[in-house]
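Structure first, then comments.
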Ligand SMILES: [Zn+2]
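Numbering (this note's numbering), first residue to last: 1 to 239.
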């Protein structure tokens, strides 16, 4: 019997295309995303965080019940609320632009016009196709255009975009584009190396692979500058 396929309309690079269920499953397993912006509904923030926690608590309880779990058990009783709070207030709180870190800028008084690299920024994200963790390191670089940003802000920016259901390509581009905007320069580079638990703990169950994505803007598209950046990433320093 042929499986009934529903068609879903999505916008891809401005064109409206139709996707079948089968294609949507393939997109999930192949980790294809549809846009640089996180696909959000226009009414995404009509509900307060507390209202969202209350609703997700009920929905998650329903999932657990459907799986046959006994929610009267002391160990499971609090799980739906814990998961709901964790979704809204922790691991997905980067969906809300109100939680964007304040990227205070400083004048580059010492005229440091060389490349600045902050490497090995740890982050935890979640795959938007399976809702299981992506664990990775981000390496961020820019060349000052007269302004500099506090180093910890780079960590916070990475973590803000990581705290969304994500695909690694989009995470990389969102960090890169936001940093270009904040620093008023195209000269920004991002490399992300991450492990996807949807690849490691399920599906093909490959525990050793990692995925590398990169964003090169402005001068970082020049071979010499790009290579300088990549050389810094190879530096092994013991602290
Ligand atoms: Zn996945």
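Beta carbons: idealized from backbone N, C-alpha and C, even for Gly.
Beta strand (DSSP E) segment containing residue i, residue limits
i: residue 124; result: 115-127
i: residue 112; result: Element bounds for residue 112: n/a, residue is neither H nor E.
i: residue 214; result: 211-216
Neighbour-count burial assignment, residue i, 16 or more Cβ in a 10 Å radius
i: residue 134; result: buried
i: residue 184; result: exposed
i: residue 241; result: In the structure displayed, the chain extends from 1 to 239; residue 241 sits before or after that span and is not available.
i: residue 249; result: Only positions 1 to 239 of the chain appear in this structure, which leaves residue 249 out of reach.
i: residue 102; result: exposed
i: residue 229; result: buried
i: residue 76; result: exposed
i: residue 298; result: This structure cannot speak to residue 298, because the chain is shown only from 1 to 239.
i: residue 143; result: buried
i: residue 231; result: exposed
Terminal residues of the alpha helix (DSSP H) in which residue i lies
i: residue 246; result: With the chain covering only 1 through 239, there is no way to say anything about residue 246.
Per DSSP, the bridge partner or partners of residue i
i: residue 133; result: 126
i: residue 106; result: 148
Which parts of the region 56-102 are runs of the alpha helix (DSSP H), unbroken and 4 residues or longer, counting only runs that do not cross its ends? Residue ranges of uninterrupted alpha helix (DSSP H) with 4 or more members, entirely inside the region 56-102 and ordered along the chain, are 74-77, 79-85.
Pull every residue with its beta-carbon under 5 Å away from any heavy atom of ligand 1, and keep them in chain order. Residues flagged by the Cβ proximity filter: 127, 129, 130, 198.
Threshold first: 4 residues or longer. Then list the alpha helix (DSSP H) segments lying entirely within the region 126-199, N to C. Unbroken alpha helix (DSSP H) runs of no fewer than 4 residues, entirely contained in the region 126-199, are found at 151-162, 168-183, following chain order.
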